[in-house]
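A.B. asks: Read top to bottom, the protein sequences are chains A and B. Per the working numbering: the first sequence = residues 91 to 258. Per the working numbering: the second sequence = residues 2 to 150.
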Amino acid sequence: MKWLTTLLLSMLMLMSGCDKKTSQATISQMDATTKVAVAVSMQWSGQKGNIVAKVDAEKEIIAVTIGDIDDTLNLVALGCQNYNDALAAKKQLSENSAVKITEVKATLETLRLIVIQVCAKVKATDPDKEETITIWKAMVVEKLDALILSFGRLNEVVQADLAAGKKK
Amino acid sequence: MDTKEFLASMDLNVNLFTGDHWEKVGKDMLKVLEASAAAFVKTNMPIAVNLTEDEVKGLLYAAVISSPELPHIPENADAELLAMAARVCKVRAQGFALMSEAQKQKNTSIAVLEKNAKDFAVSLGGVLLNVALGALATGATNAALGAVK
Chain A
91 MKWLTTLLLS
101 MLMLMSGCDK
111 KTSQATISQM
121 DATTKVAVAV
131 SMQWSGQKGN
141 IVAKVDAEKE
151 IIAVTIGDID
161 DTLNLVALGC
171 QNYNDALAAK
181 KQLSENSAVK
191 ITEVKATLET
201 LRLIVIQVCA
211 KVKATDPDKE
221 ETITIWKAMV
231 VEKLDALILS
241 FGRLNEVVQA
251 DLAAGKKK
Chain B
2 MDTKEFLASM
12 DLNVNLFTGD
22 HWEKVGKDML
32 KVLEASAAAF
42 VKTNMPIAVN
52 LTEDEVKGLL
62 YAAVISSPEL
72 PHIPENADAE
82 LLAMAARVCK
92 VRAQGFALMS
102 EAQKQKNTSI
112 AVLEKNAKDF
122 AVSLGGVLLN
132 VALGALATGA
142 TNAALGAVK
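1) Taking the alpha helix (DSSP H) that Ile206 (chain A) belongs to, which residues open and close that run?
2) Checking contacts by CB at 8 Å: is Gly96 (chain B) closer than that to chain A?
3) Could you check if Gln114 (chain A) is buried or exposed, using at least 16 other CB atoms within 10 Å of its CB as the buried criterion?
4) For Met141 (chain A), which of helix, strand or coil comes out of DSSP?
5) From the DSSP output, in three-state form, read off Lys180 (chain A) for me.
6) Can you list, in chain order, the residues of the region 74 to 92 of chain B whose Cβ is nearer than 7 Å to any Cβ on chain A?
7) Mind checking if Ala112 (chain B) is an interface residue toward chain A, Cβ cutoff 8 Å exclusive?
8) By the 10 Å Cβ neighbour count, where 16 or more other Cβ atoms means buried, how is Leu134 (chain B) classified, buried or exposed?
9) Examine chain A for any beta-carbon lying closer than 8 Å to the beta-carbon of Asn108 (chain B), and answer yes or no.
10) Check for me: the alpha helix (DSSP H) holding Asn245 (chain A) runs from which residue to which?
11) Using a beta-carbon distance below 8 Å, is Ser113 (chain A) in contact with chain B?
12) Out of A:Asp160, A:Ser135, A:Thr123, state which residue places its alpha-carbon closest to the alpha-carbon of Arg243 (chain A).
13) Anyone know if the C-beta pair for Thr112 (chain A) and Gln182 (chain A) falls short of 8 Å?
14) Between the C-alpha atoms of Val89 (chain B) and Asp79 (chain B), what's the straight-line distance to the nearest angstrom?
15) Please determine, among A:Asn174, A:Asp160, A:Leu165, A:Ser184, the residue with the shortest C-alpha to C-alpha distance to Arg93 (chain B).
16) Go ahead and pull the three-state DSSP assignment for Ala214 (chain A).
17) Between A:Cys170, A:Arg202, A:Thr215, which lies nearest to Lys105 (chain B) when the distance is taken from Cα to Cα?
18) Is Gly255 (chain A) close to chain D, meaning its C-beta is less than 8 Å from at least one C-beta of that chain?
19) Which chain B residues are close to Val166 (chain A), counting only those with a beta carbon under 8 Å from its beta carbon?
20) Between Glu126 (chain A) and Leu237 (chain A), which are expected to be in contact by the criterion C-beta below 8 Å, what is the C-beta distance as a whole number of angstroms?
21) Which chain B residues sit within Cβ distance under 8 Å of Gln182 (chain A)?
22) Which chain B residues sit within Cβ distance under 8 Å of Lys190 (chain A)?
Right, here's the structure in full:
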């Protein structure tokens with residue numbers, strides 16, 4: 091009886107057609123994007139505790155913003171890892187997932203502008219580490235640019251999959 | 002278009018955006034919110050007309066969270082605006098992580114169901130094969146017995 095239910099359920103899900111088949115290009119790009127997302131997240135986390143606002147009056151609010159940037163990057167990396175696992179289990183993405191990928195690309199473009207401006211407003215907590223922090227700031231933006239580029243490519247292949255799915 | 006004109010064009014109470022909250026948010030962020038929310042509120046006009054201030058703020062917030070594109074953050078933005086924008090990014094990233102988690106669970110469940118279905122088909126095939134072999138064997142035995150008789 092359990093087997094019969096399983097069979098009927100899986101047949102129903104397959105027949106519903108709510109998910110689109112994902113191309114190999116999307117699967118590969120998701121994997122590449124995940125690696126970059128994890129790298130950016132680690133890069134930011136690496137020094138986020140060693141920076142502080144240059145202006146005393148902004149110390150509190152900048153500290154909160156630094157934390158929110160960290161959370162955002164961690165959540166993006168987590169999301170990418172989940173999608174990677176999802177594609178490994180079954181090579182399908184829902185239309186809602188595709189929409190979210192498009193949204194994250196826009197989010198990262200905005201986050202880049204925030205990161206650049208926040209970086210301009212902070213200095214090293216230890217004055218001897220100022221050079222390290224300057225290099226770190228440049229590397230964060232560099233990796234963030236790579237992530238935006240990777241998400242751009244991911245968005246393109248995901249949209250191509252959706253368009254191909256709709257033609258069928 | 003300023004805030005009051007924007008709200009008036011939406012047939013909303015022009016006093017909604019006064020008070021401490023909006024003062025704190027700042028004019029720049031308000032522009033960001035308005036730009037993203039305009040289309041959303043327009044398409045939801047029938048339900049937007051009689052909302053409370055908190056509900057309108059919720060709508061605006063939701064519009065920013067779900068907007069495909071986020072408006073440009075101006076250069077030399079103040080720390081408060083950057084903080085607000087970073088929070089919007091964080092909430093949007095939370096949405097991405099939640100959706101990915103749901104997709105992961107769904108795909109894993111489908112994969113398990115399909116594997117179970119495949120196993121079932123294999124075992125059903127095995128049972129049918131056994132039945133067929135049994136029938137063949139019985140037939141052959143009976144034929145052999147018939148021949149002996």
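Beta carbons: idealized from backbone N, C-alpha and C, even for Gly.
C.D. replies: Taking the structure as given:
1) For Ile206 (chain A), the enclosing alpha helix (DSSP H) begins and ends at 185 to 211.
2) Answer yes: the Cβ-Cβ gap between Gly96 (chain B) and chain A drops below 8 Å somewhere.
3) Gln114 (chain A) comes out exposed.
4) Residue identity differs from the one stated: residue 141 (chain A) is Ile in this sequence, not Met. Residue state, collapsed to three classes: strand.
5) Note: Lys180 (chain A) maps to coil in three-state DSSP.
6) Cβ contacts with chain A come from Ile74, Ala78, Ala80, Glu81, Leu83, Ala84, Ala86, Ala87, Arg88, Cys90, Lys91.
7) For Ala112 (chain B), the answer is yes, since a Cβ of chain A falls inside 8 Å of its Cβ.
8) Leu134 (chain B) counts as exposed, since fewer than 16 other C-beta atoms from the protein chains shown sit within 10 angstroms of its C-beta.
9) Yes, Asn108 (chain B) counts as interfacial toward chain A.
10) 220 to 257 is the span of the alpha helix (DSSP H), which, as asked, contains Asn245 (chain A).
11) Residue-level contact check: Ser113 (chain A) does not touch chain B, since none of the beta carbons of chain B fall below 8 Å from its beta carbon.
12) When each option's Cα is compared against that of Arg243 (chain A), the closest is A:Thr123.
13) Gln182 (chain A) is positioned such that its CB atom lies closer than 8 Å to that of Thr112 (chain A).
14) Roughly 16 Å separates the two Cα atoms.
15) Ranking A:Asn174, A:Asp160, A:Leu165, A:Ser184 by Cα distance to Arg93 (chain B) puts A:Leu165 first.
16) Shown here, Ala214 (chain A) sits in a strand according to DSSP, grouped into three states.
17) Measuring from the Cα of Lys105 (chain B), the nearest candidate turns out to be A:Cys170.
18) The chain labelled as chain D is not found among the protein chains of the depicted structure, namely A and B.
19) In chain order: Ala94, Phe97, Ala98.
20) Note on identity: in this sequence residue 126 (chain A) is Val, with Glu being the wrong assignment. Yes, they are in contact, since the Cβ atoms of Val126 (chain A) and Leu237 (chain A) sit about 5 Å apart, within 8 Å.
21) Within chain B, the residues near Gln182 (chain A) are Asn108, Ile111.
22) By Cβ distance, chain B contributes Gly96, Phe97, Met100, Ser101.
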